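A.B. asks: Numbering (the working numbering), first residue to last: 17 to 356. Ideal placement from N, C-alpha and C gives every residue a C-beta, glycine not left out. Quick caveat: nothing in here was measured; it's all calculated off a predicted structure.
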Amino acid sequence: MQENKITVGFIGNGKSVNRYHIPYILARPEKFIIKTIFDKNLAHSPWIKINGVHYTECLDDLLQDSELDVIIVNTPLCAHYECAAKVLSAGKNCVVEKPFTYTEKEARTLFDLAESKGVLLQAYQNRRFDSDFLTTLKVIESGKLGEIFEFISCYDYYRPEMPENIQHYSADTSFLYGHCHALDQVLSYFGRPDAYHYDMRQLTGKGRMNDYFDLDLNYQNLKSSFFMVKPRPSFAVYGKKGMFVKMTEDRQEEDLKHFYMPVNQDFGIDRIKEYGTLAYYDDDHVYHEEKVISERGDYGRYYDSLYETLVQGKPQLVKPEETLLLMHVLEEATRSLTLE
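(1) Give me the Cα-Cα distance between Arg143 and Cys74, rounded to the nearest whole angstrom.
(2) Tell me whether Ser190 is buried or exposed, calling it buried when 16 or more other Cβ atoms sit within 10 Å of its Cβ.
(3) Assuming Phe145 and Gly313 form a contact by the criterion Cβ under 8 Å, report the distance between their Cβ atoms to the nearest whole angstrom.
(4) Looking at C-alpha atoms only, which residue of Ser32, Ala59, Ile38, Val86 is the closest neighbour of Lys21?
(5) How many Å lie between His60 and Leu342 at the Cα?
(6) My guess is that Gln141 and Val334 are in contact by the Cβ rule of under 8 Å, so how many angstroms apart are they, rounded?
(7) Would you decide whether Gly258 is buried or exposed? Buried here means 16 or more other CB atoms lie within 10 Å of its CB.
(8) Under the three-state reduction of DSSP, which class applies to Asn109: helix, strand or coil?
(9) With 16 as the cutoff for other CB atoms within 10 Å, does Asp148 come out buried or exposed?
(10) Among the residues of its own chain, which have a CB less than 7 Å from the CB of His197, if the five just before and after it don't count?
(11) DSSP on Asn34, reduced to helix/strand/coil?
(12) Pop quiz: Ala106 and Leu79 are said to be a contact at Cβ under 8 Å. What is the actual Cβ separation, rounded to whole angstroms?
(13) Under 8 Å, with one C-beta from each stretch per pair, do the segment 175-186 and the segment 216-231 reach the 3-pair mark?
(14) Of all the beta strand (DSSP E) runs that stay within the bounds of the segment 260-340, which reach a length of 3 or more residues?
(15) Give the DSSP-derived three-state secondary structure of Lys133 in the structure shown.
(16) Take the Cβ of Glu163 as the centre, count every other Cβ of all protein chains shown within 10 Å, and call the residue buried at 16 or more, exposed below.
(17) Any idea if Val279 is buried or exposed, counting beta-carbon neighbours within 10 angstroms, 16 or more meaning buried?
(18) List, from N- to C-terminal side, the beta strand (DSSP E) runs of 3 residues or more that fit wholly inside the segment 80-125.
(19) Of all the options Leu93, His304, Ala211, which has the alpha carbon lying nearest to the alpha carbon of Ser32?
(20) Going along the chain, which residues of its own chain have a beta-carbon closer than 7 Å to the beta-carbon of Thr91, five neighbours each way excluded?
(21) From what residue to what residue does the beta strand (DSSP E) around Leu75 run?
(22) Give me whichever residues DSSP pairs with Arg217 in a beta bridge.
(23) Give every residue of the same chain whose Cβ lies closer than 6 Å to the Cβ of His344, excluding the five residues on either side of it in the sequence, and list them in chain order.
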C-alpha cells in the first residue's frame, strides 16, 4: 500500500470496468491507484487505454505483483468463480462483480478460501447507492408514511429483441441474475424475509430466456420485464399514513453512457421533474402532498467504503452473509425455469 493509497488491478477490460468502476476510482486519486488491467485479447479492445496503467494479456502479471492490494474480477459470470479462486489463492484481496457466482455453494467455497488466506472477499453491489433507492429509504426513515405495508421495486425495459434473440435459458442470460442488484437493495435494507414467493417466467417460450420476474419477499415485491413500453414506478411504498412514488431511475448510468463523468458537479443529479411524490396525513390528520428532492446517487461510495475497510479496518459494506443470502434466493427463484 503506497502512502495509504490502495493499488488496484482488474481482471477484465469490458464495458462494466470502463463505465461503472474506473470513472469512480479515477475521481478518487487520493485513495486509489489503478496499476494493471488484464485483458486476454487487448488487440480487439474498443476501450481507450488509461495513461500510466499497465495493460497485459498475462494474468500472472496481477497474481504475482506484490504491490497490488486488491484485484477486481470483472469477467462474464462463467469465469467469476475460477478467477476469484486464483486471486484468493495468490493471497490477494478480491472484489467480484455481480452476480457473484452461479450458486450459494460456490460463493461459500470462495468465502472459506478468503478466510483461510486472511484476505477480503466482497461482492460489487454499487447499486446500493442509486439515487432512487436512497431517496426512497430517506422517505421511509422520515416516519411520514407510518407503518410500512408494501414496498415495490420495478426495473423495466422495452427491449423485446433481447429475449427474442436468446434461444436457450441459462443463468448467464437470466434477467434475475443479471439484475440481482434490485434484490440486493431490498435484502441489504430489510434483511432476510420470513417467506418467499417466486413468479419466474419465460414469456417467449419454454426453454427460452428468463425475461420476467416477480418476487414477493413477504415484506416487498420486485418486478421486472423486458416488455414494458412505459415503465412502472421505479419505487412505490405504501404505509399506514401515506405513500411515496418515484417514477424514474437513478441517472448515473444515463450520464455514463454519454461519457459524462462523475467529476462533473451535476453528474447523475435528478431534475425537478424527476423528483418523487410523497402524499401523507400528519398526526393532526392534515393531508400533505409534496415533491421530495432526490438524494444524490454515487457508485463511488462503494469504493469509499472499500477504502475504509482495507485502510481503516472498518466492517465490509457487503457482508459475506448478505451475498450468501442473495445467491440462495437467486438459486431458489430460478429453479422452476425450464431448460428446453
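C.D. replies: For this structure:
(1) Locating residue 143 in the sequence shown gives position 127, where the first residue counts as 1. Locating residue 74 in the sequence shown gives position 58, where the first residue counts as 1. Arg143 and Cys74: Cα-Cα distance of roughly 31 Å.
(2) By one-based count along the sequence shown, residue 190 stands at place 174. When all chains shown are included, Ser190 counts as buried.
(3) Counted from its first residue, the sequence shown places residue 145 at position 129. Counted from its first residue, the sequence shown places residue 313 at position 297. Between Phe145 and Gly313 the beta-carbon gap is near 6 Å, inside 8 Å, which marks them as a contact.
(4) For the purposes of this step, residue 21 is identified with residue 5 of the sequence shown, where counting begins at 1. That would be Val86, whose Cα lies nearest to the Cα of Lys21.
(5) Locating residue 60 in the sequence shown gives position 44, where the first residue counts as 1. Locating residue 342 in the sequence shown gives position 326, where the first residue counts as 1. So the alpha carbons of these two residues sit roughly 35 Å apart.
(6) Here residue 141 corresponds to residue number 125 of the sequence shown, with the count starting at 1. Here residue 334 corresponds to residue number 318 of the sequence shown, with the count starting at 1. Yes, Gln141 and Val334 are in contact; Cβ-Cβ is about 5 Å, under 8 Å.
(7) As a working mapping, residue 258 is identified with position 242 in the sequence shown. Gly258 should be labelled buried.
(8) On the sequence shown, position 93 is the one that residue 109 refers to. Strand, per DSSP.
(9) Taking the sequence shown and counting its residues from 1, one reaches residue 148 at position 132. Per the 10 Å Cβ criterion, buried.
(10) Here residue 197 refers to the residue found at position 181 when the sequence shown is read from its first residue. Only Lys114, Gln141, Arg143 meet the Cβ criterion.
(11) Counting from one through the sequence shown, the residue named residue 34 turns up at place 18. Residue state, collapsed to three classes: helix.
(12) The count along the sequence shown starts at 1 and reaches residue 106 at position 90. The count along the sequence shown starts at 1 and reaches residue 79 at position 63. Rounded, the Cβ-Cβ distance is 4 Å, consistent with contact.
(13) Two segments are said to touch when three or more pairs of C-beta atoms, one from each, lie closer than 8 Å; by this definition the segment 175-186 touches the segment 216-231.
(14) 292-297, 303-308
(15) For this step, residue 133 is matched to residue 117 along the sequence shown. Of the three classes helix, strand and coil, the one that applies to Lys133 here is helix, per DSSP.
(16) Walking along the sequence shown from the start, residue 163 turns up at place 147. Answer is exposed; the Cβ neighbour count stays below 16.
(17) Residue 279 sits at position 263 when you count from the first residue of the sequence shown. When all chains shown are included, Val279 counts as exposed.
(18) 86-89, 109-113
(19) On the sequence shown, position 16 is the one that residue 32 refers to. Comparing Cα positions, the closest option is Leu93.
(20) Residue mapping note: residue 91 aligns to position 75 of the sequence shown, counting from 1. Excluding positions up to five away in sequence, the list reads Ile27, Gly28, Cys99.
(21) By 1-based counting over the sequence shown, the position of residue 75 is 59. Careful: Leu75 lies outside any beta strand (DSSP E) and carries neither H nor E.
(22) Mapped onto the sequence shown, residue 217 falls at position 201. Its beta-bridge partners are Tyr228.
(23) Counting from 1 along the sequence shown, the entry for residue 344 is found at position 328. Cβ within range, chain order: Glu120.
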